[in-house]
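Everything on this sheet refers to the single structure shown next.
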Amino acid sequence: MKKPKRYLITSALPYANGPLHLGHIAGAYLPADIYVRYLKLKDKDVAFICGSDEHGVPITLRARKEGVSPQVIVDKYHKMIKTAFSEFGIDFDIYHRTSSKLHHETASDFFKTMYEKGEFIEKEEEQYYDEKEKQFLADRYITGTCPKCGYEEAYGDQCEKCGTSLSPKELKNPTSRLSGNSPILKKTKHWYLPLDKYQQEWLEEWIDSHKSNWKSNVYGQCKSWLNGGLQPRAVTRDLDWGVPVPVEGYEGKVLYVWFDAPIGYISATKAWAKENNKNWKDYWQSEDSQLIHFIGKDNIVFHCLIFPAMLKAHGNYILPDNVPANEFLNLEGDKLSTSRNWAVWIHEYLHDFPGKQDVLRYTICANLPEQKDNDFTWKDFQNRNNNELVAILGNFINRTIVLTHKHYGGEVPERGTLTDFDKKTLAEMTVIKKNLEKSIESFRFREAVKIAMDLARLGNKYLADTEPWKVIKTDEERVKTIMNISIQISAALSIIIEPFLPFTADKLRKFLNIEKLNWDLAGSDSIIEAGHTINKANLLFDKIEDEAIEKQIQKLMDSKKANQAEQQQAEPAKENITFDDFVKMDIRVGTILEAERVPKTDKLIKLKIDTGIDQRTVVSGIAVDHKPEDIIGKQVSILVNLEPRKIRGIVSQGMILMAEDASGKLVFAVPEVKTSNGASIK
RNA sequence: GGCGAGGUAGCUCAGCUGGUUAGAGCGCAUGAUUCAUAAUCAUGAGGCCGGCGGUUCAAGUCCGCCUCUCGCUACCA
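So in numbering that gives the first Met the number 0, spot 339 of the first sequence is number 338, and the numbers just go up one at a time.
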């Protein structure tokens, strides 16, 4: 493949609804930053683009809950996220935002072009409308009684109590969360992106063409979606927070956030180009540019299927050359979770470990979930620091600088005749540089960072084998050569660690008293000339003691405890009902006569129950905790006058009463001693 | 249940289109060494490459079945 003239690198836009954590960094930001720093060291023309995704319903809901405008929410998190990135050394060329005017214009124009080309399908449907607030209601803006479990606070898209996904029209007694009134059904028009059509026309073929150069997890995910058959996807929705739909007569509609967010890459590029006297079209609309999206696996469908479909439908745009999505990073064996506070927050890390950005960058990089989910532990963080950064890299630099000062007052000595071992070592440097390039260019960053450390290992080995501290007593000339070469290795290190450890590289350059050097110099055997004076060194890395690590682990244990406490807290009682309401329920004692798993389901068991009144079939979602053969003959409590319901094609007549704890474990609610079938429970 | 990704040394992972005694880092053991933050260097121990069957002269690598983990999805009143 021909070399691209310029690179357009994007990292997933973080949602401006919470702070950044470890998982974000590992997924989309650190790999991108490493890649970009590498390209820039090679003097490539690169635009590294990111920004906050500031639209969408969760932000409006949070705003409403906190009694402020959505803008206040996004301003807060945008600033927080931007600061965290910048302090952590994730060096975007621009960190833009989708609430900006430029973005609104860009997204609006993008839609308009597609609209005028007739790319969209129009559909008119009935949707709930709040007459008082004069607006259509997004799914999350409607609550009502869940048709399945009777929970009264179910949302329009999902019942939080029973987990069922719903559509607003299924809710009983729908209520607007805006005004508290009952909404009415009103016709509304929306535009859809015909992904099914694109799939047939070119999308599937295009994905297939990337089978060999995309990562298997990425390609596999795409195929999974394509096999399921893509469906037209609504581009617009009725909401007041977002980019307004630029069609006359359709005020009060905005672009769906999935549509407007990726356009954020384009608007951010425009903003950057303007500030830097560049032409944004060179990056987005020129075939000799290469577009790469760095994302986490949750974003694969948007960046590999939907956004390319948008770009192609719009016309003129290039499509991504690669989408190196990472899997997920876990923390101490558990999934990262914002709501459960199971995370390492970047702003907290920066506070707890000042000046140690590179230690975390290194640990994350060495553990990047490139092929599969991976685990971050604080113990590993400490080990990586103490046994690798301190012992191998920091130590080599320190040895070299101390020796140079001890014998030569900090002046780089002349090199004499090279021995075979010298030559071999210098040749090895070149090999390391080449391997490193190969790894980075194929997005294998954990391998890359290991190779970079190999250069420091090479340095330590060189010193151990040449023993300058011994040779100085017998052959002073020889030691000059040894130290000269050690200095060259140190200088090469200052270059090749820059993508991974930019803060350390900077420190090292100060020790060596040099400027930032071009990548290709790393393969040279004389980066620093003899006679150059280096500075005195302090330490590149400090040891991290057990206490610091224990403190972090304790922090996590505390949030685990807090979560458990929250889980154990019983839910508040439901609204009072009358005795009449209660007696409407006919609960009986019954005996399980037969039990068998419902095929092709995980949870369902089909039961035959003797209720005393009759024998009937009940389907129950208990297979996770109970085996069919264990429960035959068991007495249970059964609600017998529940409306029959078809589940997986089987008519279920009634409901077995179960006690469910916070973890979801189910146990039977049964009579204390055996009693007769049909006995009434009241 | 369907789809996708994984299951390789104590731990974290490489092993590309099948080819000589299966690799790395950390950890562990032994030895060497002192310029260096008790850091470094060398050597070594440690693997029925999740299980079973098949294709092949040859399989960690290809095919089938099973099993476990993760994700998406269906199901749960």
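Every residue gets a Cβ at the ideal spot worked out from N, C-alpha and C, and that includes glycine.
>> Considering just the uninterrupted stretch of the beta strand (DSSP E) at P173, what are its terminal residues?
In response: K171 to S175
> Can you list, in chain order, the residues of its chain whose CB lies under 6 Å from that of I10, leaving out five sequence neighbours each side?
Replying inline: First, the amino acid is wrong: residue 10 is Ser here, not Ile. Excluding positions up to five away in sequence, the list reads A27, Y28, A31, C49 and F293.
> So T480 packs on R414, CB below 8 Å; how close in whole Å?
Replying inline: 5 Å
> DSSP three-state call for E121: helix, strand or coil?
Replying inline: strand
> From what residue to what residue does the beta strand (DSSP E) around G589 run?
Replying inline: I586 to R596
> Who are the near neighbours of V672 in its chain, counting only those whose CB is closer than 6 Å to its CB and skipping five residues on each side?
Replying inline: none
>> Quick check: the Cα distance between I486 and I527, rounded to an integer number of angstroms?
In response: Going by the C-alpha atoms only, they are around 7 Å apart.
> Could you give the distance in angstroms between the alpha-carbon of F306 and the alpha-carbon of V246?
Replying inline: Going by the C-alpha atoms only, they are around 22 Å apart.
>> Our contact map puts I93 next to W271 with C-beta atoms below 8 Å; I'd like the distance itself, whole angstroms only.
In response: The pair is a contact, with the Cβ atoms about 4 Å apart (cut-off 8 Å).
>> Using C-beta distances below 8 Å, list every residue in its chain close to E203, excluding the 5 sequence neighbours before and after it, in chain order.
In response: L225
>> So, at 8 Å on beta carbons, what are the nonlocal neighbours of T112 in its own chain, with the 5 sequence-adjacent residues on each side left out?
In response: H313 and G314
> Looking only at its own chain, which residues have a Cβ that is under 7 Å from the Cβ of F301, when we skip the five neighbours before and after it?
Replying inline: W257 and P261
>> Strictly by DSSP, which residues pair up with R236?
In response: V253
> What whole-angstrom Cβ distance do I637 and I612 have, given they're in contact under 8 Å?
Replying inline: Not quite, the Cβ-Cβ distance comes to about 10 Å (not below 8 Å), so this is no contact.
> In chain order, what residues of the same chain lie with their CB nearer than 7 Å to the CB of H346, ignoring the 5 residues before and after it?
Replying inline: Here the set comprises P18, M79 and A83.
> Where do the ends of the beta strand (DSSP E) carrying A46 lie?
Replying inline: D44 to S51
> Got a sec, what are the start and stop residues for the alpha helix (DSSP H) N483 sits in?
Replying inline: E475 to I495
> Taking the alpha helix (DSSP H) that Q220 falls in, what are its first and last residues?
Replying inline: Run containing Q220: S215 to G227, per the alpha helix (DSSP H) assignment.
> For N517, is the classification buried or exposed, using 16 other Cβ atoms within 10 angstroms of its Cβ as the cut-off for buried?
Replying inline: Label assigned to N517: exposed.
> Cα separation between A491 and D195?
Replying inline: 52 Å
> Just checking my contact of R587 with T616 at CB under 8 Å: how many whole Å lie between their CB atoms?
Replying inline: With 8 Å as the limit, R587 and T616 do not qualify as a contact, their Cβ atoms being about 15 Å apart.
> In terms of residue numbering, what span does the alpha helix (DSSP H) encompassing S107 cover?
Replying inline: Element bounds for S107: K100 to K116.
>> According to DSSP, is Q356 part of a helix, a strand, or is it coil?
In response: helix
> Are three or more beta carbon pairs between the stretch 274-287 and the stretch 57-67 nearer than 8 Å?
Replying inline: Short answer: they don't touch.
> What three-state label does DSSP hand S336 in the structure shown?
Replying inline: strand
> What's the gap between the Cα of I548 and the Cα of S266?
Replying inline: 42 Å
> So who's on the other strand from W344, going by DSSP bridges?
Replying inline: H20
> For P13, does the count of other Cβ atoms within 10 angstroms reach 16, so buried, or fall short, so exposed?
Replying inline: Burial check for P13: the Cβ neighbour count within 10 Å reaches 16 or more, so the residue is buried.
> For D90, which option in E497, K633 and L304 has the closest C-alpha, if you only look at C-alpha atoms?
Replying inline: E497
> Where A455 and A25 are concerned, what is the direct C-alpha to C-alpha distance, given to the nearest angstrom?
Replying inline: 24 Å
> Of the residues C364, G408, F109 and I631, which one's Cα is nearest the Cα of K535?
Replying inline: G408
>> Tell me which residue opens and which closes the beta strand (DSSP E) that Q614 is part of.
In response: Q614 to S619
> Could you give the C-beta distance for N180 and D129, rounded to a whole number, given that I count them as a contact under 8 Å?
Replying inline: Sure, about 6 Å apart at Cβ, within 8 Å.
> Expressed to the nearest angstrom, what Euclidean distance is found between the alpha-carbon atoms of N73 and V666?
Replying inline: Looking at the sequence shown, residue 73 is not Asn but Val. Computed Cα separation, rounded: 44 Å.
> Could you check where the beta strand (DSSP E) with Q289 kicks off and where it finishes?
Replying inline: S288 to F293
> Between which two residues does the beta strand (DSSP E) containing S636 stretch?
Replying inline: Q634 to L638
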